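Please read the structure below before turning to the comments.
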Amino acid sequence: GAWVLTDASIALADAAPQLEPVMRIPTDMTMEQIQDAFAAPETISFWDLPAFVRTLEAAGFTARRHLLHLHRLIASPLLLAAMILIAATVSLRPPRRGGAVAMTVLGLAAGFVLYFSSNLVAALGLSQAIPVHLAAWAPAAVTSLLGVALLLHQEDG
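Heads up, my numbering is the position in the sequence shown plus 1003, with the first residue counted as 1.
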């Protein structure tokens, strides 16, 4: 219900600055309103995100959204490689075996499932149901392992 400032310096236009040991300023802002006033994670440079996360945590705010965004950005090359592996499993089938349409539909479905599950896991991470690091890295890691397994199974003969 109030901002509590310690060792505050009060400077008025017509007087010398005064030092107050503790000063309370009433407010009706909630923690959510204050946090929403900060920049969205997508608007902050990748290189500035770690310092911004440290600043938010030092100020006592949660940096969960920003930390999740940072780790999702770091995990994106692995996720893109996983998407290539999934695409390879559905496109490297010899045409003489048939089923090209089914493999195309399967590849499209895999892409939609990957997109949906990645966003679902990110939402679970933001809601604190699972740790942020798991929410950021699990879709990329699981998809990579699945893509490698499918590719090795398909090309094993």
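Idealized CB from N, CA, C, for every residue including glycine.
Note that the structure is predicted; figures quoted are calculated from it, not measured.
- Where does the unbroken beta strand (DSSP E) through I1013 begin, and where does it stop? For the purposes of this step, residue 1013 is identified with residue 10 of the sequence shown, where counting begins at 1. A1005 to I1013 is the extent of the beta strand (DSSP E) around I1013.
My understanding is that L1088 touches V1145, with C-beta atoms under 8 Å, so please give their C-beta distance in whole angstroms. As a position in the sequence shown, residue 1088 is number 85, starting the count at 1. As a position in the sequence shown, residue 1145 is number 142, starting the count at 1. So it is not a contact: roughly 12 Å between Cβ atoms.
- Message: Below 8 Å, how does it come out for the region 1122-1139 and the region 1066-1081: are there three or more Cβ pairs, yes or no?
- Response: yes
Thinking C-alpha only, which one of M1106, P1024, S1048 and E1158 is nearest A1011?
Residue 1011 sits at position 8 when you count from the first residue of the sequence shown. Answer by Cα proximity: P1024.
To the nearest angstrom, how far is it from the Cα of L1083 to the Cα of A1062? The count along the sequence shown starts at 1 and reaches residue 1083 at position 80. The count along the sequence shown starts at 1 and reaches residue 1062 at position 59. Rounded to the nearest angstrom, the two C-alpha atoms are 35 Å apart.
Review point. For T1092, does the count of other Cβ atoms within 10 angstroms reach 16, so buried, or fall short, so exposed?
Key: The residue labelled residue 1092 in the question sits at position 89 within the sequence shown. Burial call: buried.
Worksheet item: Is V1124 buried or exposed, if buried means 16 or more other CB atoms sit within 10 Å of its CB?
Response: Locating residue 1124 in the sequence shown gives position 121, counting from the first residue. Buried is the call here.
Item to complete: With P1080 as the anchor, note down where its alpha helix (DSSP H) starts and where it stops.
Response: On the sequence shown, position 77 is the one that residue 1080 refers to. Element bounds for P1080: R1067 to S1094.
Worksheet item: Can you tell me the Cα-Cα spacing of E1060 and A1054, whole angstroms?
Response: On the sequence shown, residue 1060 is found 57 positions in, with the first residue counted as 1. On the sequence shown, residue 1054 is found 51 positions in, with the first residue counted as 1. If I take the Cα positions, the gap works out to 10 Å.
**Item:** Distance, D1051 Cα to A1043 Cα
**Value:** Within the sequence shown, numbered from 1, the residue matching residue 1043 stands at position 40. Within the sequence shown, numbered from 1, the residue matching residue 1051 stands at position 48. Cα to Cα, A1043 sits roughly 13 Å from D1051.
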